[in-house]
Amino acid sequence: MSLVKQKSHYSSIVEKCGSQKKLFRVANDFLDKSKERVLPSYTEPVGLANRFNDFFIEKVNKIRNSIPTPKDSVNQYSRPFNSEKLCIFRPASCDEVHSVIKEFGMKTSEEDPIPSALLSSSLDIVLPVFTDIINKSLKEGCMDGIKESVVTPLLKKSGLDSEIFKNFRPVNTLLFLSKLIERIVLIRLNEHMSLHNLHNNSQFGYKKFHSTEIMVLGLVDEVLRGFDENLATIIIILDLSAAFDTIDINKLIRILRYEIGIDGIALKWFHSFLTNRLQRVKIDHCYSDCREVPCGVPQGSVLGPVLFNINVRSQPMVFKECAFTTSSFADDSNGRKQFSLSFQFNVLTKDTISCIDKIVNWSHAHYMKINSDKTEIMLACPSSLNSATIIQGIFIDGQCIRFTSKAKNVGVLIDKNLTFNLHINSLVSHCYALLRDIGKIKQYLKKNDLEKLVHAVVSHRLDYCNSLYINMNKSNIYKLQKCQNAAARMILGKKRSENADFLLKELHWLPVETRVVYKIILIVFKVLSGQCTSFQLTYKTNNLRSGNDLLLETPNFKTKYGKRIFAYSGTRYWNALPNNLRIIKDIEKFKKDLKTLLFTNFEEIKQKAFIYKPI
1200 MSLVKQKSHY SSIVEKCGSQ KKLFRVANDF LDKSKERVLP SYTEPVGLAN RFNDFFIEKV
1260 NKIRNSIPTP KDSVNQYSRP FNSEKLCIFR PASCDEVHSV IKEFGMKTSE EDPIPSALLS
1320 SSLDIVLPVF TDIINKSLKE GCMDGIKESV VTPLLKKSGL DSEIFKNFRP VNTLLFLSKL
1380 IERIVLIRLN EHMSLHNLHN NSQFGYKKFH STEIMVLGLV DEVLRGFDEN LATIIIILDL
1440 SAAFDTIDIN KLIRILRYEI GIDGIALKWF HSFLTNRLQR VKIDHCYSDC REVPCGVPQG
1500 SVLGPVLFNI NVRSQPMVFK ECAFTTSSFA DDSNGRKQFS LSFQFNVLTK DTISCIDKIV
1560 NWSHAHYMKI NSDKTEIMLA CPSSLNSATI IQGIFIDGQC IRFTSKAKNV GVLIDKNLTF
1620 NLHINSLVSH CYALLRDIGK IKQYLKKNDL EKLVHAVVSH RLDYCNSLYI NMNKSNIYKL
1680 QKCQNAAARM ILGKKRSENA DFLLKELHWL PVETRVVYKI ILIVFKVLSG QCTSFQLTYK
1740 TNNLRSGNDL LLETPNFKTK YGKRIFAYSG TRYWNALPNN LRIIKDIEKF KKDLKTLLFT
1800 NFEEIKQKAF IYKPI
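The numbering of the sequence shown is the numbering used here, which starts it at 1200 and goes up by one.
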């Protein structure tokens, strides 16, 4: 195949990627990064499939059986629902079903009777049929016939011994129609929970305006505020064993009924969805026998993560009772408490142990088990303070939870002094490795396709949680900038001697520091438009000049840590924007105009932000 034909071939593949997720998948295929199926040695696939199925079921049973009977005190965290209940689901229209399919795509599995390509081409014909089936399910409260999961064993991490079953995790595949019905039910459930203010603001992920970046930014912001007051923060990072799989269905149904206000046919639907589920394992197109799944919410489903959040909605009350703040993303949750190091002994030997003990008891009541091997405790404090911990670990249920100097939370490596040196070094090293891989195939890609590929595997990593980098150590920003420069030179085919500033302008890329400021301002916009948590931002009052009604109070902090707090830079950069930008309500227009402004006038905005004296 000639080089021209190869470029045309790869270009057609990239152009068919209608979403970032598909582009990631194509990038992995191009770079030969797709996860290779590794299985234990076997002679007969059905036998291996049955052994895997037995192992996955018995693993959950073993965890469930190891959970002791909880204390009665956990009932105090229940909050009964006292408003109008959701008893029936309103029917769906063809237009609603079509919009859901358009938004989330039409991804089918090998288990579906019709492949996605054929389904997509005949959507106008099958849409009324889908709508009728959905409405029948909603009306009768029934999901029978489409509840079977097909499980594929996947090695948890490259390099693990493939002969050991515990090194594999089950990847569930569900039918397209099942997921489609779930999405319609999720819309009804979210409407009900929003109407009655039932969403828990400390839970992030799987709901609108609650991204992982906002979660970790809130955690870091809180710790930095403590550093500014010369306070340390104890952080408990919890890990649960097979958390989705051990949930007790009867308890979850009771929570849905008495705390969320689901009843009647709607509750019957959830009961049908959760109970009598079947599972079989697939190996080389051969299937194991079906086994009933005794507990848990189905992984890989649309409703599974949301129902998990509902099941653990009372966990923040336990932390609050112990004077800890908390945030969580699915089964990754953390608790935090600030204190003066002079009280370190009491906090570490009493408060922390008491909090973990109550969390463990609460977890047992919800049929979940703390994984002591992966649960960590970190003492975060300013580098000027002596943070030597007086104990090295805490024993819970006979297992030791150890202290650590670094911990990963939703993909961000947090160190005890919040320097992010380890995170940046790891991030940059990984991005350079990806650029080297891309360099091996760049000759087969057109410039536009090469740029898309770099954005998919490198730029999104540089941008992820980059709001944490505001006023960070300049050397770390420099490392990130060098990586971005290398990506720009690769796309444009330039040597290292070429001035990167001109290359970034040619690609219309904002430099790293500017991208950080762009993210900070965008989050301020989301806060002010009600799309994000408040971060303690407030409008100025009694402004007399025209346009000053959109200015924010600009807090002052004592230390270098305080100048990294979101409100410090966020309010100043927001106030430095021209008034015609601050009054924009549409987020897409705001993003476009903001990028244009920062692309041409970043230094001017930066200077104005930190000498600006609003009346």
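Glycine is no exception: its CB is placed at the ideal position from the N, C-alpha and C atoms.
In this text, all values refer to a predicted model and were calculated from it rather than measured experimentally.
What are the boundary residues of the beta strand (DSSP E) that residue 1472 is part of?
It is not in any beta strand (DSSP E) - residue 1472 instead sits in the alpha helix (DSSP H) that spans 1463-1473.
Count the C-beta pairs between the segment 1322-1333 and the segment 1456-1474 that are closer than 8 angstroms, then say yes if the count reaches three, no if not.
no
Using a Cβ distance threshold of 8 angstroms, determine whether the segment 1245-1263 contacts the segment 1423-1435, with at least three qualifying pairs required.
No contact exists between the segment 1245-1263 and the segment 1423-1435.
Among all the DSSP beta bridges, which residues are the ones paired with residue 1599?
1594
Spatial distance of residue 1684 from residue 1498 (CA atoms):
40 angstroms
For residue 1743 and residue 1750, I'd like the C-alpha separation in whole angstroms.
Low local confidence applies: a pLDDT of 48 at residue 1743 is under 50, so the model's placement there is unreliable, with the coordinate-based value given in what follows. If you take the alpha carbons of residue 1743 and residue 1750, they lie about 11 angstroms apart.
With distances taken between CB atoms, is the gap from residue 1352 to residue 1480 smaller than 8 angstroms?
Yes, the Cβ-Cβ distance between residue 1352 and residue 1480 is below 8 angstroms.
Those runs of the beta strand (DSSP E) which lie wholly inside the segment 1394-1437 and span at least 3 residues
If we require 3 residues or more, the beta strand (DSSP E) runs fully inside the segment 1394-1437 come out as 1431-1437.
With 16 as the cutoff for other CB atoms within 10 Å, does residue 1476 come out buried or exposed?
buried
Report yes or no: do three or more beta-carbon pairs, one from the segment 1633-1640 and one from the segment 1678-1698, lie closer than 8 angstroms?
yes
On a CA-only basis, which of 1735, 1468, 1650 is nearest residue 1692? Give me that one, please.
1650
Proximity winner among 1732, 1648, 1375, 1466, relative to residue 1211 (alpha-carbon distances):
1648
From which residue to which residue does the alpha helix (DSSP H) around residue 1339 run?
1322-1339
Quick check: the segment 1601-1618 against the segment 1659-1674, are at least 3 beta-carbon pairs closer than 8 angstroms?
yes
May I ask you to verify whether the segment 1694-1710 touches the segment 1352-1364, counting CB pairs closer than 8 angstroms and requiring at least 3?
no
Put residue 1779 into one of helix, strand or coil per three-state DSSP.
helix
Is the beta carbon of residue 1403 less than 8 angstroms from the beta carbon of residue 1526?
yes
Limits of the alpha helix (DSSP H) - the one that residue 1751 falls within
DSSP places residue 1751 in no alpha helix (DSSP H); its state is neither H nor E.
Report the residue from 1775, 1399, 1485, 1398 whose alpha carbon sits nearest the alpha carbon of residue 1309.
1485
Let me make sure I understand the geometry here. Which of 1538, 1401, 1370 has the alpha-carbon closest to that of residue 1516?
Here the closest residue by C-alpha is 1401.
In chain order, what residues of the same chain have a beta carbon less than 7 angstroms from the beta carbon of residue 1622, not counting five sequence neighbours either side?
1611, 1612
Rounded to the nearest angstrom, what separates residue 1317 and residue 1530 at their Cα positions?
So the two alpha carbons sit approximately 37 angstroms from each other.
Identify which residue in 1539, 1490, 1726 has its Cα closest to the Cα of residue 1427.
1539
Closest to residue 1598 by C-alpha separation, out of 1571, 1614, 1575, would be which residue?
Nearest of 1571, 1614, 1575 to residue 1598, Cα basis: 1571.
By Cβ distance, which residues of its chain are closer than 7 angstroms to residue 1771, with the 5 residues on each side in sequence left out?
Excluding sequence positions up to five before and after residue 1771, its CB lies within less than 7 angstroms of the CB of 1753, 1808, 1809, 1811, all in the same chain and listed in chain order.
From residue 1251 to residue 1443, what distance separates their C-alpha atoms?
18 angstroms
Measuring only the C-alpha atoms, how far is residue 1721 from residue 1790?
For residue 1721 and residue 1790, the distance between alpha carbons rounds to 7 angstroms.
Throw me the rounded Cβ distance for the residue 1732 and residue 1425 pair, which I believe falls under 8 angstroms.
That pair is no contact at about 18 angstroms.
In this structure, does DSSP put residue 1514 in helix, strand or coil?
helix
Buried or exposed (CB count within 10 angstroms, at least 16 for buried), residue 1358
Under this definition residue 1358 is an exposed residue.
One question on the structure: do residue 1375 and residue 1311 come within less than 8 angstroms of each other, judged by their Cβ atoms?
yes
Is residue 1495 closer than 8 angstroms to residue 1445 when the C-beta atoms are compared?
Closer than 8 angstroms, so yes.
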